[in-house]
Amino acid sequence: MTERVLAIKVPVVTHERLDDEVIAINLETGIYYALVGTAADIWSSFDPASTTSVVADQLTLRYGANASRVKSDVEAFSLRLEAAGLLICSTDGHREGAPVIPRLAPGARWETPQLEEYRDMADLVLLDPIHQVDETGWPRLPEPQE
Amino acid sequence: MSPPHSTARFFASSRALFAAAAEAAGARERCYQIAGHELLVRFAGSELVARTDPALGAVRGTAASPDPEVTIEMWDSAASGIPMPRPPWSPNDLKPLGLVGPYCDDRFHTAVDVHTASLSTFDAAARRAQFWLHDARRMAYWQSASPLRLILSWWANSVDMQLTHAAAVGSAGRAVLLVGGAGAGKSTTSLACLAAGLDFFGDDYCLVAVQPKPRVHGVYATAKLQPAALAMLPSNIGTVRNASRLRREKAILDLPAPASRRLADGAAITAIVAPCVTGRVALERISAGASLRAMAPSTIFGLFGATSGSLRRLASLAATVPGYRLELGADVDRVVDAVTSLVRAA
Chain A
1 MTERVLAIKV
11 PVVTHERLDD
21 EVIAINLETG
31 IYYALVGTAA
41 DIWSSFDPAS
51 TTSVVADQLT
61 LRYGANASRV
71 KSDVEAFSLR
81 LEAAGLLICS
91 TDGHREGAPV
101 IPRLAPGARW
111 ETPQLEEYRD
121 MADLVLLDPI
131 HQVDETGWPR
141 LPEPQE
Chain B
1001 MSPPHSTARF
1011 FASSRALFAA
1021 AAEAAGARER
1031 CYQIAGHELL
1041 VRFAGSELVA
1051 RTDPALGAVR
1061 GTAASPDPEV
1071 TIEMWDSAAS
1081 GIPMPRPPWS
1091 PNDLKPLGLV
1101 GPYCDDRFHT
1111 AVDVHTASLS
1121 TFDAAARRAQ
1131 FWLHDARRMA
1141 YWQSASPLRL
1151 ILSWWANSVD
1161 MQLTHAAAVG
1171 SAGRAVLLVG
1181 GAGAGKSTTS
1191 LACLAAGLDF
1201 FGDDYCLVAV
1211 QPKPRVHGVY
1221 ATAKLQPAAL
1231 AMLPSNIGTV
1241 RNASRLRREK
1251 AILDLPAPAS
1261 RRLADGAAIT
1271 AIVAPCVTGR
1281 VALERISAGA
1291 SLRAMAPSTI
1301 FGLFGATSGS
1311 LRRLASLAAT
1321 VPGYRLELGA
1331 DVDRVVDAVT
1341 SLVRAA
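These protein sequence lines map, in sequence, to chains A and B.
Heads up: the first sequence is residues 1 to 146, going by the numbering used here.
Heads up: the second sequence is residues 1001 to 1346, going by the numbering used here.
Below, the structure written as structure tokens:
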């Protein structure tokens, strides 16, 4: 069976990496995420689209870590990223180019990746625009202020 | 999904509607100079001028050029008697934040703001924008305090700048950005610094240029405060424009001209400061990633997702300028001292 190719769900997800930290913002859910260290490296490894096997192999080499542990962590973490709507199964298959990952800091070791989740902006997207328009197709007026 | 070619047609028909509205309600114009760019705002009727021009008073220019950087048309149906036709898109085309999916691309930006019942559009190629709402007399108070935010955000992105959810204060041509979501302490801190003699560039949204060097420019000569925070500031800091409605609204302060005298000049950004209320005053360095996390989400979500380059611009700023966490306590003088030390540290 062909392994699934996973990709970052752009443009719904906007993301940037600074050193060993990634911020990923899901514009549909209003939730944003911080991924540090190994989590950031896994994230960057899916840009461009890739498979968990390829990512695990690359990161095993990068960290000089136990291959089965890295593979297990990458698989579990990518499932979590999919569940959060950050990664999707790519229909385009592998894309050209290699991931851009900064040089590993001296002494860095493989650690189980963590996904830090922030929901303080989620209220902004809870108001459903589709159901806030009236029969004219435009938003309903707010209550008078004076 | 609406066909893509209908976007240009929709923008053209909107311009015709504005022309009719201006004819009916009376055309007004104001010219504004923001970060060295000239923006011409054309109003249909006087009510929208009264609602929006005071907040932009510090960047008002003296005369309109024959070729402004961007022309923004503002109109409402109540003053003009011109109804807005039913939108050409389906409600299902509206994305969660209010962007109209099929009417947004690299050139065109279209958003319906359900919080304020208004429509904003921007055509980057034609350098034209439009803002419409049903009735200017019912404009949301926060929209009147920082008008045209979405349009200015799109325009800024088109000239490689970023409208940023941040306060900014400084002196001698240098400034710090105070970043964070609602309630972080941006307004109270920036107004306390203004009261202590620092220059003020904004308490909520400022314009940031990252290249060639990070620089902040003020746009709005207003501030929004929780009413309880007014007691922490001198009574002459500004004029509260909505004093009778403070039970349900934040206080909107119009800042006097001397307070906003440097707002239009802008200043070099020397630090990004993420305030948070803890009860004691303390300052500590944070990583570039933590700076970005404090600055980006409220900017991106507050600007309906902004545009594709927005997060990259903010990340570039965070990578260039040192970041700090500023714990806020009741000792306002110590807070001002901490901010002042960062302004002078560069």
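Cβ atoms here follow ideal geometry from the backbone N, Cα and C, with glycine treated the same way.
Residues of chain A with CB under 7 Å from residue i, in chain order?
i, result
"R1312/B", "E16"
"M1232/B", "The contacting residues do not exist; M1232/B stays about 24 Å from chain A at best."
"L1298/B", "The sequence given here has Ser at residue 1298/B, not Leu. Chain A residues near S1298/B: M121."
"R1086/B", "T136, G137"
"S1308/B", "P11"
"F1301/B", "G30, M121, L124"
Leaving out the 5 sequence neighbours to the left and right, which residues in its chain are closer than 8 Å to residue i when beta-carbon positions are compared?
i, result
"A1176/B", "A quick correction: the sequence has Val, not Ala, at residue 1176/B. So the qualifying residues of the chain are A1168, V1169, G1170, I1269, T1270, A1271, I1272, V1273, V1339, L1342, V1343."
"S1002/B", "With a pLDDT of 49 at S1002/B, under the threshold of 50, the modelled position of this residue cannot be trusted, and the question is left open."
"A105/A", "D20"
"Y1324/B", "A1271, I1272, V1273, A1274, L1283, E1284, R1285, I1286, L1342"
"A1140/B", "H1115, T1116"
"A1267/B", "A1168, G1170, G1173, R1174, A1175, D1199, F1201, R1215, V1216"
"P11/A", "L27"
"E16/A", "V22, I23"
Give the secondary structure of residue i by DSSP, where H, G and I count as helix, E and B as strand, and everything else as coil.
i, result
"E111/A", "coil"
"E1069/B", "coil"
"W138/A", "coil"
"V12/A", "coil"
"F46/A", "coil"
"S1171/B", "strand"
"M1074/B", "strand"
"G1302/B", "helix"
"T1270/B", "strand"
"T1320/B", "helix"
"M1295/B", "helix"
"L33/A", "Per the sequence presented here, residue 33/A reads as Tyr, with Leu not at that position. Y33/A falls in the strand class under three-state DSSP."
"M1161/B", "strand"
"P1054/B", "helix"
"I1252/B", "strand"
"C1193/B", "helix"
"S1118/B", "strand"
"I1151/B", "helix"
"P1234/B", "coil"
"K1186/B", "helix"
Output the distance between the C-alpha atoms of residue i and residue j, rounded to the nearest integer angstrom.
i, j, result
"E1284/B", "P1322/B", "11 Å"
"A1125/B", "C1104/B", "13 Å"
"P99/A", "G1309/B", "19 Å"
"R1137/B", "R1245/B", "15 Å"
"V70/A", "L59/A", "7 Å"
"S90/A", "R103/A", "27 Å"
"R1042/B", "W1154/B", "18 Å"
"D120/A", "S1065/B", "43 Å"
"T51/A", "Y33/A", "22 Å"
"A84/A", "I25/A", "11 Å"
"L1097/B", "N66/A", "44 Å"
"A1182/B", "S53/A", "42 Å"
"V1281/B", "P1068/B", "46 Å"
"D57/A", "V74/A", "10 Å"
"H1037/B", "Q1162/B", "14 Å"
"A1035/B", "P1297/B", "24 Å"
"L1292/B", "A1020/B", "45 Å"
"S1046/B", "P1083/B", "18 Å"
Who are the neighbours of residue i on chain A, taking C-beta pairs under 8 Å?
i, result
"R1285/B", "Going along chain A, no residue has its Cβ under 8 Å from R1285/B, so there is no contact; the nearest lies around 14 Å."
Within its chain, find whatever has a CB closer than 7 Å to the CB of residue i; leave out the 5 residues flanking it on each side and keep chain order.
i, result
"V1336/B", "A1192, C1193, A1196"
"I1151/B", "I1072, S1120, F1122, A1129, F1131"
"F46/A", "L6, A7, I8, V55, L87"
"S1014/B", "T1121, Q1130"
"D92/A", "A49"
"E1327/B", "C1276, T1278, R1280, V1281, A1282"
"Y1032/B", "L1039, V1041, L1056, V1059, R1060, G1061"
Ordered along the chain, which non-local residues of its own chain (more than five positions away) have a Cβ less than 6 Å from that of residue i?
i, result
"T1110/B", "V1100, Y1103, C1104, T1121"
"E1249/B", "Y1141, N1242"
"R1107/B", "A1124, A1125"
"T1320/B", "P1214"
"T1307/B", "N1157"
"P1227/B", "L1246, A1251"
Just the chain B side, please: which residues come within less than 9 Å of residue i by C-beta, in chain order?
i, result
"A34/A", "G1289, A1290, R1293"
Residues of chain A with CB closer than 9 Å to the CB of residue i, please, in chain order.
i, result
"A1319/B", "L18, D19"
Given the structure, does residue i come close to the ligand COA, in the sense that its CB is under 7 Å from one of the ligand's heavy atoms?
i, result
"T1222/B", "In terms of ligand content, the structure shown is empty, and the ligand COA therefore cannot be addressed."
Which residues of chain B have a Cβ atom closer than 7 Å to the Cβ of residue i, listed in chain order?
i, result
"V133/A", "P1091"
"V125/A", "P1096, L1097"
Could you list which residues in chain B have their beta carbon closer than 8 Å to that of residue i, in chain order?
i, result
"E28/A", "K1095, P1096"
*asked:* Is it the case that the region 1207-1227 of chain B contacts the region 1051-1069 of chain B, given that we only count it when at least three CB pairs across the two stretches are under 8 Å?
replied: By the Cβ test, the region 1051-1069 of chain B is in contact with the region 1207-1227 of chain B, since at least three Cβ pairs between them sit closer than 8 Å.
_Within 8 Å, do at least three Cβ pairs link the region 1076-1086 of chain B to the region 1008-1028 of chain B?_
Touching, yes.
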